[in-house]
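So the number in my numbering is just where the residue sits in the sequence shown, counting from 1, plus 20.
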Amino acid sequence: MLRRIALLLCLLATPALAQMPAAAPAPASAPVTKPATARVAIETSVGTITVELETERAPITSANFLRYVDQKRYDGTSFYRADPVAPNFGLIQGGASNDPKRLLKPIAHEPTTKTGLSNTDGAISMARGAPGTATSDFFIIIGNMSGLDAKPDQPGDNQGFAAFGHVVEGMDVVHKILASPTSPTAGEGVMKGQMLEPKITILRARRVT
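Listed below in structure tokens is the structure:
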């Protein structure tokens with residue numbers, strides 16, 4: 021008798037278990053939105069360097085670079101400077117090099133404290149004199165040179181250099197340019213001995229996205 025009662029209870033319980041609602045799925049996490057970017061291929065006589073510009077985080081500096089690209093103002097210019105501070109560490113610099121026919125108006129300075137970017141390995145950043153004087157010339161970093169970032173707690177010109185993107189393809193070309201021959205006498209001040217001889221021609225620069 022007890023066995024029959026137990027079997028009956030099991031049969032009665034089974035449908036009830038089958039009818040229990042399934043647990044609600046966990047809410048999907050919000051998608052991570054990546055800041056807007058644009059890619060540019062810089063074709064040189066020794067290979068192509070592709071950079072991704074932070075058009076959302078560094079809008080002023082990126083828009084300036086893209087104006088030079090879209091108006092083909094970099095075509096026929098050059099990488100003219102290489103500063104190999106140490107093995108696999110330094111920077112290369114290029115642009116219109118003060119050619120008045122190519123230059124657009126200087127742009128406002130976007131410090132790294134505002135953009136959240138940094139002058140680390142592969143970063144592309146603007147060359148300048150005083151803050152707010154940057155025009156066409158830019159440099160690409162090899163190694164960690166975050167010492168070039170803005171340092172508001174330091175005296176003097178503490179605004180650093182405006183990083184606005186990074187290399188996504190062609191760091192081997194960057195290293196090749198860094199290792200290229202330089203003139204021992206060309207250049208002024210801290211740049212003496214850092215002028216490439218011969219210069220590395222920028223054949224063209226074009227958007228790729």
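Beta carbons: idealized from backbone N, C-alpha and C, even for Gly.
Keep in mind it's a predicted model, so treat the numbers as computed, not measured.
Quiz prompt | Per DSSP, cross-strand counterpart(s) of R227 | solution = Beta-bridge pairing links R227 to V60.
Exercise. Under 6 Å Cβ to Cβ from P104, same chain only, skipping five residues before and after it: list those, please.
Key: The answer, listed in chain order, is G110 and L198.
Exercise. Confirm, please, whether the CB-CB distance from E76 to R226 is below 9 Å.
Key: Annotated as distal: R226 and E76, with beta-carbon spacing of 9 Å or more.
Exercise. Label V187 either buried or exposed according to how many other C-beta atoms from any shown protein chain fall within 10 Å of its C-beta, with 16 as the threshold for buried.
Key: Buried, since its Cβ has 16 or more Cβ neighbours within 10 Å.
Practice problem: Under 8 Å by Cβ, that's how I've got N139 and I161 pegged, so tell me the actual separation to the nearest angstrom. | Solution: Indeed they touch by this definition, with Cβ atoms about 5 Å apart.
Self-check item: Nearest-angstrom Cα separation, counted from P51 out to A158
Solution: According to the sequence displayed, residue 158 carries Phe and not Ala. Straight-line Cα distance between these residues: approximately 34 Å.
Exercise. Just mark P131 as buried or exposed, buried being the case when its beta carbon has 16 or more other beta carbons within 10 Å.
Key: Its Cβ being crowded by 16 or more others within 10 Å, P131 is buried.
Quiz item: Quick one: is L124 buried, meaning 16 or more other Cβ sit within 10 Å of its Cβ, or exposed?
Solution: With fewer than 16 other Cβ atoms from the protein chains shown falling within 10 Å of its own Cβ, L124 counts as exposed.
Quiz item: Does the distance from the C-beta atom of Q113 to that of A106 stay below 9 Å?
Solution: Their beta carbons are not under 9 Å apart, which means Q113 does not touch A106 by this criterion.
Quiz item: Would V210 be called buried (16 or more neighbouring beta carbons within 10 Å of its own) or exposed?
Solution: V210 is exposed by the Cβ-count criterion.
Practice problem: My understanding is that I222 touches T133, with C-beta atoms under 8 Å, so please give their C-beta distance in whole angstroms. | Solution: Contact flag wrong, Cβ pair sits at about 30 Å.
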